[in-house]
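A.B. asks:
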Amino acid sequence: MICMDFMKIMNSAEYDFLRSNQRLGKRIILLGLGGSYAYGTNNENSDIDFRGITLNMPSDLLGLTEFEQYEDNTTDTVIYSFNKIVKLLLECNPNTIELLGLDDSQYLIKTPLGQKLLDNKGLFLSKRAAKSFGGYAGAQLRRLQNAIARDSMPQQEREQHIYNSVKNALEDFRRKNEMLNKGNINIYIDASDNPELETEIFIDAQYKHLPLRDYENMLGVMNNVVRDYDKIGKRNKKKDDNHLNKHAMHLIRLFMMGIDILEKGEIITHRTDDLELLKSIRRGDFQRSDRTFSSEFYEMLSAYESRLETAAKNTSLPDNPNMEKVEEFVEDVNRKAIDL
Numbered sequence: 070m071i072c073m074d075f076m077k078i079m080n081s082a083e084y085d086f087l088r089s090n091q092r093l094g095k096r097i098i099l100l101g102l103g104g105s106y107a108y109g110t111n112n113e114n115s116d117i118d119f120r121g122i123t124l125n126m127p128s129d130l131l132g133l134t135e136f137e138q139y140e141d142n143t144t145d146t147v148i149y150s151f152n153k154i155v156k157l158l159l160e161c162n163p164n165t166i167e168l169l170g171l172d173d174s175q176y177l178i179k180t181p182l183g184q185k186l187l188d189n190k191g192l193f194l195s196k197r198a199a200k201s202f203g204g205y206a207g208a209q210l211r212r213l214q215n216a217i218a219r220d221s222m223p224q225q226e227r228e229q230h231i232y233n234s235v236k237n238a239l240e241d242f243r244r245k246n247e248m249l250n251k252g253n254i255n256i257y258i259d260a261s262d263n264p265e266l267e268t269e270i271f272i273d274a275q276y277k278h279l280p281l282r283d284y285e286n287m288l289g290v291m292n293n294v295v296r297d298y299d300k301i302g303k304r305n306k307k308k309d310d311n312h313l314n315k316h317a318m319h320l321i322r323l324f325m326m327g328i329d330i331l332e333k334g335e336i337i338t339h340r341t342d343d344l345e346l347l348k349s350i351r352r353g354d355f356q357r358s359d360r361t362f363s364s365e366f367y368e369m370l371s372a373y374e375s376r377l378e379t380a381a382k383n384t385s386l387p388d389n390p391n392m393e394k395v396e397e398f399v400e401d402v403n404r405k406a407i408d409l
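For any residue, its number in my numbering is found by taking its place in the sequence shown, counting from 1, and adding 69.
1) Which one of ASP173, ASN237 and SER363 has the shortest CA to CA distance from VAL290?
2) Quick check on SER364: buried or exposed, where buried means 16 or more other Cβ atoms within 10 Å of its Cβ?
3) Classify GLY121 as helix, strand or coil using the three-state DSSP reduction.
4) Could you spell out where the beta strand (DSSP E) holding ALA274 opens and where it closes?
5) Buried or exposed, going by whether 16 or more other CB atoms sit within 10 Å of the CB of ASP408?
6) Given a cut-off of 8 Å, decide if LEU377 and ALA260 are closer than it, judged by their beta-carbon atoms.
7) Would you decide whether ARG304 is buried or exposed? Buried here means 16 or more other CB atoms lie within 10 Å of its CB.
8) Expressed to the nearest angstrom, what Euclidean distance is found between the alpha-carbon atoms of GLU137 and LEU266?
9) For THR146 and GLY103, I'd like the C-alpha separation in whole angstroms.
10) Have a look at LEU168, ILE231, ASN111 and THR144 and flag the residue whose alpha-carbon is nearest the alpha-carbon of THR123.
11) By DSSP, does LYS394 sit in helix, in strand, or in coil?
12) Checking the sheet assignment: what are the DSSP bridge partners for ASN253?
13) By Cβ distance, which residues of its chain are closer than 6 Å to PHE324, with the 5 residues on each side in sequence left out?
14) Within this structure, are the beta carbons of LEU177 and MET287 separated by less than 8 Å?
15) Could you give the first and the last residue of the continuous beta strand (DSSP E) run that contains LYS196?
16) So, under 8 Å CB-CB, ARG296 and GLY109 are touching, yes? Tell me the CB distance rounded to an integer number of Å.
17) Report the three-state DSSP secondary structure of THR341 (helix, strand or coil).
18) Would you identify the three-state DSSP class for THR146, choosing helix, strand or coil?
19) Which of helix, strand or coil does DSSP assign to ILE407?
20) Which residues does DSSP pair with GLN356 in a beta bridge?
21) Between the alpha carbons of ILE71 and GLU285, how many angstroms are there, rounded?
22) In the DSSP assignment, find the unbroken alpha helix (DSSP H) run with ASP172 in it and report its ends.
23) Among the residues of its own chain, which have a CB less than 6 Å from the CB of LEU88, if the five just before and after it don't count?
24) Report all residues from its chain with a CB closer than 8 Å to the CB of LEU192; omit the five preceding and five following residues, and keep chain order.
25) Starting from TYR106, trace the alpha helix (DSSP H) both ways and give me its first and last residue.
26) Among residues of its own chain, excluding the 5 on either side of LEU210, which ones have a beta-carbon nearer than 7 Å to its beta-carbon?
27) Given a cut-off of 8 Å, decide if LEU194 and GLY101 are closer than it, judged by their beta-carbon atoms.
28) On the three-state DSSP scale, how would you describe LEU177?
29) Which one or two residues does DSSP pair with LYS139 in a beta bridge?
30) Cβ atoms of ARG360 and ASP310: under 8 Å apart, would you say?
31) Would you kindly work out how many angstroms separate the C-alpha atoms of LYS156 and ASP116, rounded to a whole number?
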C-alpha cells in the first residue's frame with residue numbers, strides 16, 4: 070500500500086523537474102514506483118525509484134524534434150516518451166512492462182490517458198514474453214555466476230573464467246562488426262610477469278586499414294569485462310553478499326513475472342503472494358558459507374525454467390501483438406497529445 074510519504078517525496082523540491090520541465094508536467098500520464106518498492110521486496114537499504122510515461126510533444130509527432138526518455142540520476146527517476154515505451158512494450162520488455170502491472174495504490178500520477186493505457190495493456194502481451202523474460206533471467210543468472218566466480222576461485226581459475234567471458238564478448242562483438250574481419254586477434258593465457266598474478270590474459274592483434282574507432286570499441290568491450298571482474302575485489306564482503314542475493318532474488322522474480330504473463334495473461338509487478346520466498350532469497354537463506362548457492366536454490370531455478378518453457382508452449386497469447394489494433398490505439402493517444 071502506497072503511503073503519503075511517497076506523495077510528499079514526489080512533491081518535494083528535489084522532484085521539481087516533474088512539474089517544471091516542459092516535456093513532463095501535465096504531459097505525464099503515468100508515474101509509479103519502480104524497483105524494490107514496486108515489487109514489495111524493499112528493505113531498509115532500498116533506493117526509491119520512480120518510473121513514468123509522458124506524452125510526446127507535437128513537434129515530435131509533426132516536426133523534427135525527437136525525444137525518448139527523461140532521466141534524473143539524482144532521484145533515480147526515468148520517464149519514457151509514449152512512443153518509446155510502446156516499442157518496448159511490444160517486445161514485453163521486463164523493465165518497462167512492469168509499469169503496467171503495479172497495484173493501483175502504487176501509482177502517484179494516473180491521468181485518464183494513463184488509465185486508458187492500463188485498460189489496453191493486453192494489446193502488448195504475446196509469446197514474445199517468453200524470450201524477453203527468459204533472456205533477462207538468463208543475463209541475470211550469468212551475472213550471478215560471474216560474481217560468484219570472481220570472488221571464490223583461485224587466481225588461475227579466475228583468470229580462465231575472465232578469459233572465457235572476454236572471448237565470448239569478443240565473438241559477439243565481431244559478429245556485429247564486419248569491419249573486424251580485416252585482420253585477426255588472438256587471446257590466450259600465459260605466465261605473468263606481474264608479481265601479483267600467476268597467469269594473465271594476453272592478446273596478439275594484427276589488422277590492416279581498420280578504423281581506429283572500431284578498434285577502440287573492440288578493446289572497450291574486452292576492458293569492460295575485465296573491469297567488472299576486478300570491481301568486486303574492492304567491495305566489502307557484506308555488500309558483496311547483499312549484491313549476490315539481490316541478483317538471485319531478481320532472477321527468480323523475472324521467471325515469476327514471465328510465467329504470469331504466459332499462463333494468466335496478467336502483469337503482476339507487486340509480488341504479494343511471493344514475498345516470503347523472494348525476501349528469503351534476498352536475506353541470504355539460500356547462500357552457503359562459501360558464498361555459492363545451495364542445491365535447493367538451483368532446483369527451484371530449474372523448476373521455474375521448465376515452467377516458463379511449458380507456459381510458452383501452452384499459452385493462449387498470440388505469437389505477436391495485433392499491430393492494427395496497437396496502431397489504432399497509439400494514433401488515438403497521439404491525437405490527444407497534439408491537442409494537449
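We put the CB at the ideal spot given by N, CA and C, even for glycine.
Nothing here was measured: the structure is a model prediction, and the numbers come from that model.
C.D. replies: Inspection of the coordinates gives the following:
1) ASN237
2) exposed
3) strand
4) 268–276
5) exposed
6) no
7) Unreliable placement is indicated for ARG304, whose pLDDT of 48 sits below 50; the coordinate value is still reported in the next sentence. Label assigned to ARG304: exposed.
8) 45 Å
9) 9 Å
10) LEU168
11) helix
12) GLN275
13) ALA206, TYR373 and LEU377
14) no
15) That residue, LYS196, is in no beta strand (DSSP E); it is neither H nor E in DSSP.
16) Not really, about 33 Å apart at Cβ, beyond 8 Å.
17) helix
18) strand
19) helix
20) PHE362
21) With a pLDDT of only 45 at ILE71, under the threshold of 50, the placement of this residue in the model should not be trusted, and no figure is reported.
22) Looking at the DSSP string, ASP172 is not in any alpha helix (DSSP H), and its letter there is neither H nor E.
23) The amino acid at residue 88 is misidentified as Leu; the sequence shows Arg. Excluding sequence neighbours, ARG88 sits near GLY94.
24) PRO390, ASN391, LYS394, VAL395 and PHE398
25) 104–108
26) LEU320
27) no
28) strand
29) The sequence given here places Tyr at residue 139; Lys does not occur at that position. Looking at the DSSP assignment, TYR139 forms a beta bridge with ILE148.
30) yes
31) 27 Å
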